[in-house]
Amino acid sequence: PFPGGKYDWVSEGASLLDARAGFHFYATGITPAMAMKIIGKGSKYAYAYKDADSNTLDGGKTYKVHVPPNVPAKDFWSFTLYDNQTRSMLQTDARFPGIDNNKPGMVKNADGSYDVYFGPKAPEGQDNNWVQTVSGKSWSVILRLYGPLEAWYDKTWRPGEIELVK
Numbered sequence: 514p515f516p517g518g519k520y521d522w523v524s525e526g527a528s529l530l531d532a533r534a535g536f537h538f539y540a541t542g543i544t545p546a547m548a549m550k551i552i553g554k555g556s557k558y559a560y561a562y563k564d565a566d567s568n569t570l571d572g573g574k575t576y577k578v579h580v581p582p583n584v585p586a587k588d589f590w591s592f593t594l595y596d597n598q599t600r601s602m603l604q605t606d607a608r609f610p611g612i613d614n615n616k617p618g619m620v621k622n623a624d625g626s627y628d629v630y631f632g633p634k635a636p637e638g639q640d641n642n643w644v645q646t647v648s649g650k651s652w653s654v655i656l657r658l659y660g661p662l663e664a665w666y667d668k669t670w671r672p673g674e675i676e677l678v679k
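Here the numbering used here is used: the first residue of the sequence shown is 514, the next is one more, and so on.
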C-alpha cells in the first residue's frame, strides 16, 4: 500500500518525499486507482531489494521465497526481477527474468504453497521454480497480484521473506 494510504504522498499534512522518490524509481506514472481498494480488479505490487537479514540481494547468491497457499489473486501472481542500476528488467540468458503461477511445470507443494528460487544457477531439481540472476549484479524483485483479493488488503496473507540459501 501507499504510505499514508493515498496516491498523493501526503500524510498528516507532510509530503512523504523519500517514499515518493522510492516509488518513482520504478514507476513513471501514478493514478488514484493505484491506491484504491478494488477487490478482484487491477493489480497490486510489493517490491523488495533486501533479503530477510536486510542484506542487498546479490546476483551471485541463491535465495528462496516461500509463497503460502491461497495467494489472494483472482487472476494470477508473478515475480519479476530488475537491475538496480538501470531499473530495467534484469538481463539474463532466460527469455524473461520472472516467473508466475501459470508457468507450465511449476511445482506446487502438497499444501498449495510454492517455493521460488532466485540465483545464478537453479538448485538441483528446482528448474521450474527458479528465476536466473547475474553474478556481480544486485537486483530487486516485484511481486504482482492480478485481481487482488481481500486477504491482500486486510493483510491476513503475506508472502514469505526472501531467505539466503546456505
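Ideal Cβ placement from N, Cα and C applies to all residues, glycine included.
- Query: Which one or two residues does DSSP pair with residue 714 in a beta bridge?
  - Reply: Since the first residue of the chain shown is 514 and the last is 679, residue 714 is not available in this structure.
- Look at the alpha carbon of residue 610 and the alpha carbon of residue 627, and state the distance between them as a whole number of angstroms. C-alpha separation (whole angstroms): 18 Å.
- Item | Under the three-state DSSP convention, the category residue 635 falls into | DSSP places residue 635 outside both helix and strand once states are collapsed to three, so it counts as coil.
- Message: Within 10 Å of its beta-carbon, does residue 545 have 16 or more other beta-carbons around it, so buried, or fewer, so exposed?
- Response: Counting Cβ neighbours within 10 Å, residue 545 comes out exposed, since fewer than 16 surround it.
- Around the C-beta of residue 567, are 16 or more other C-beta atoms found within 10 angstroms, so that it is buried, or is it exposed? By the neighbour-count rule (16 or more Cβ atoms within 10 Å), residue 567 is not buried but exposed.
- Can you tell me whether DSSP reads residue 611 as helix, strand or coil? DSSP places residue 611 within a strand segment (E or B) once states are collapsed to three.
- Task: Leaving out five residues on either side along the sequence, give the residues of the same chain with a beta carbon under 6 Å from the beta carbon of residue 639.
- Result: If we look at residue 639 and ignore the five residues flanking it on each side, its Cβ neighbours are 630.
- Is it right to say residue 624 is buried, meaning 16 or more other beta carbons lie within 10 angstroms of its own, or is it exposed? So residue 624 counts as exposed.
- Item | Residue ranges of each alpha helix (DSSP H) within the segment 622 to 669, 4 or longer | Taken in chain order, the complete alpha helix (DSSP H) segments of 4 or more residues contained in the segment 622 to 669 are 663 to 666.
- Item | Identity of the residues DSSP links to residue 523 by a beta bridge | In the DSSP output, where bridge partners are listed per residue, residue 523 has 528.
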